[in-house]
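Trainee:
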Ligand code: SF4
Ligand code: SF4
């Protein structure tokens with residue numbers, strides 16, 4: 001499989017201190033499925049042997065429930081020269097002092113970036129004040145912070161403003177020490193009805209974009225499946241599963257996987273553009289215009305039999321062109337990397 005991944009996303013566990021409605025992996029405190037510790041160690045070992053790999057992301061579920069083990073993995077990746085990122089709901093930041101102690105330890109292990117997930121659905125389980133504590137403590141320790149705050153019509157903006165209107169956080173954001181961004185909260189297997197304004201549709205030309213993660217980020221699930229992206233619906237789209245790693249290495253799975261033109265096309269032009277081409281092939285296909293996230297569009301494309309069959313025909317006809325564009329892109333990436341490497345010597 002022709003692929004130059006820059007990141008490895010480890011969905012370390014499905015265990016979480018929260019059980020947010022519409023969590024993309026339906027995580028909860030009751031679930032304990034996780035990648036075994038020794039396997040995480042060997043995956044990080046493998047990551048450093050993949051020349052294009054730059055970053056290891058620890059996510060879940062809630063990766064901080066791994067406790068000291070998380071720091072061991074961060075330290076291992078750091079020793080190998082890999083950048084590290086953790087994605088958390090911030091449950092552990094019960095006070096500023098507590099958060100400072102946790103972030104000091106993470107910094108000493110080498111953690112470069114921490115992402116806090118928050119918003120109305122998270123706040124049922126994790127008070128927003130903990131995001132404030134965690135962010136201030138991480139920024140003080142010199143760890144770059146990203147706050148991803150859910151957005152949908154059902155969001156409680158008064159509560160969200162504790163973060164969005166906090167003067168200290170605005171100052172840190174303006175100084176580029178933290179990044180506060182809104183990320184759409186989409187339907188998964190939850191109960192609450194979610195809605196978004198029409199202008200958030202991914203089919204709005206200004207919202208369309210290539211998929212930045214497929215073939216760039218490889219993920220490993222708690223059941224040790226290797227996935228071709230780190231998308232929200234990765235567990236629901238079988239075609240994104242490349243193979244199981246219980247008894248195989250990442251390189252073995254990649255070597256035994258054929259290039260997939262559909263994934264390549266989604267990587268190049270984005271899933272909405274691909275869906276539009278399916279509709280051009282078969283005008284009876286209706287587009288999922290209410291989709292507000294590329295992974296939502298993607299799930300629809302893979303599950304809609306008519307759209308999937310139409311796109312296979314288009315892909316086959318354009319095989320040569322798609323592969324040529326992909327090869328050119330990869331060649332440029334290799335060239336860029338050589339230039340950067342040469343400059344750093
Ligand atoms: S905090 Fe994240 S992983 Fe945990 S239940 Fe909520 S959305 Fe899922
Ligand atoms: S759009 Fe599809 S391929 Fe891209 S990240 Fe989402 S699920 Fe993965």
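In UniProt numbering, the protein residues as written are 1 to 345. The beta-carbon is built from N, C-alpha and C at its ideal position, and this holds for glycine as well.
Compute the Euclidean distance between the alpha carbons of residue 105 and residue 142, then round it to the nearest angstrom.
Mentor: The straight-line gap from Cα to Cα measures roughly 12 Å.
Trainee: Can you name the residues that DSSP bridges to residue 253?
Mentor: BP columns for residue 253 are empty, so no partner.
Trainee: Going residue by residue through the stretch 85 to 138, where are the continuous beta strand (DSSP E) segments of at least 3 residues, counting only ones entirely within it?
Mentor: Listed in chain order, they are 113 to 118.
Trainee: What three-state label does DSSP hand residue 70 in the structure shown?
Mentor: In this structure, residue 70 counts as helix in the three-state DSSP scheme.
Trainee: Look at the alpha carbon of residue 100 and the alpha carbon of residue 129, and state the distance between them as a whole number of angstroms.
Mentor: About 14 Å.
Trainee: Tell me the start and end of each unbroken alpha helix (DSSP H) in the stretch 204 to 263 that is at least 4 residues and wholly inside, in chain order.
Mentor: As far as the stretch 204 to 263 is concerned, its whole alpha helix (DSSP H) runs of at least 4 residues are 250 to 255.
Trainee: By DSSP's criteria, residue 7 is part of a beta bridge. Which residues make up the other side?
Mentor: Paired residues: 55 and 217.
Trainee: State whether the stretch 180 to 192 contacts the stretch 132 to 148, with contact taken as three or more CB pairs (one from each stretch) at a distance under 8 Å.
Mentor: Output reads yes: the stretch 132 to 148 touches the stretch 180 to 192.
Trainee: How would you call residue 331, buried or exposed, if buried means at least 16 neighbouring beta carbons within 10 angstroms?
Mentor: The residue in question, residue 331, is exposed, as its Cβ has fewer than 16 Cβ neighbours within 10 Å.
Trainee: Measuring alpha carbon to alpha carbon, tell me which residue in 215, 198, 19 and 214 is nearest residue 207.
Mentor: Of the candidates 215, 198, 19 and 214, the one whose C-alpha sits nearest the C-alpha of residue 207 is 198.
Trainee: Say yes only if the C-beta of residue 94 is nearer than 6 Å to one or more non-hydrogen atoms of ligand 2, and no if none qualify.
Mentor: No; taking the cut-off as 6 Å, the Cβ of residue 94 has no heavy atom of ligand 2 nearer than that.
Trainee: How would you label residue 335, buried or exposed, when you count the other beta carbons within 10 angstroms and need 16 or more for buried?
Mentor: Label assigned to residue 335: exposed.
Trainee: In the DSSP assignment, find the alpha helix (DSSP H) that holds residue 151 and state where it starts and stops.
Mentor: Per DSSP, residue 151 belongs to no alpha helix (DSSP H); it is in the beta strand (DSSP E), 144 to 151.
Trainee: Under three-state DSSP, which class holds residue 325?
Mentor: In the structure shown, residue 325 sits in a helix (DSSP, three-state: H, G or I).
Trainee: Per the DSSP calculation, residue 83 is bridged to which residue(s)?
Mentor: Residue 83 is bridged to 55.
Trainee: Would you call residue 289 buried or exposed, if buried means 16 or more other Cβ atoms sit within 10 Å of its Cβ?
Mentor: Residue 289 comes out exposed.
Trainee: Helix, strand or coil for residue 15? Go by DSSP, reduced to three states.
Mentor: Looking at residue 15 - three-state DSSP - the assignment turns out to be strand.
Trainee: Please list, following the chain, all residues that have a C-beta closer than 6 Å to any non-hydrogen atom of ligand 1.
Mentor: With the cut-off at 6 Å, the residues found are 16, 18, 19, 20, 23, 27, 60, 61, 62, 89, 117 and 122.
Trainee: If you measure between the beta carbons of residue 63 and residue 12, is that distance less than 7 Å?
Mentor: A contact, by the Cβ cut-off of 7 Å.
Trainee: Pop quiz: residue 246 and residue 224 are said to be a contact at Cβ under 8 Å. What is the actual Cβ separation, rounded to whole angstroms?
Mentor: Their Cβ separation, rounded to whole angstroms, is 5 Å, which keeps residue 246 and residue 224 in contact under 8 Å.
Trainee: Since residue 276 is in the beta strand (DSSP E), which residue starts that stretch and which ends it?
Mentor: No beta strand (DSSP E) contains residue 276, which is instead part of the alpha helix (DSSP H) from 271 to 281.
Trainee: Straight-line CA distance for residue 109 to residue 69?
Mentor: Their Cα atoms are separated by approximately 11 Å.
Trainee: Can you tell me whether residue 154 is helix, strand or coil according to DSSP?
Mentor: Note: residue 154 maps to coil in three-state DSSP.
Trainee: Quick check: what's the CA-CA separation for residue 314 versus residue 273?
Mentor: Using only the alpha carbons, I get a separation of about 12 Å.
Trainee: Look up residue 195 in the DSSP assignment and say whether it is helix, strand or coil.
Mentor: Residue 195 falls in the coil class under three-state DSSP.
Trainee: Taking the CB atoms as reference points, tell me whether residue 84 and residue 93 lie closer together than 7 Å.
Mentor: It is not a contact, given that the beta carbons lie outside the stated cut-off.
Trainee: Quick one: residues in its chain with C-beta nearer than 6 Å to the C-beta of residue 15, no 5 flanking neighbours on either side, listed in chain order?
Mentor: Excluding residues within five positions, the ones whose Cβ falls inside 6 Å are 31, 32, 61 and 65.
Trainee: Measuring alpha carbon to alpha carbon, tell me which residue in 82, 71, 236 and 317 is nearest residue 52.
Mentor: Of the candidates 82, 71, 236 and 317, the one whose C-alpha sits nearest the C-alpha of residue 52 is 82.
Trainee: Report whether the distance from the Cβ of residue 152 to the nearest heavy atom of ligand 2 is below 6 Å.
Mentor: For ligand 2, not one heavy atom lies less than 6 Å from the Cβ of residue 152.
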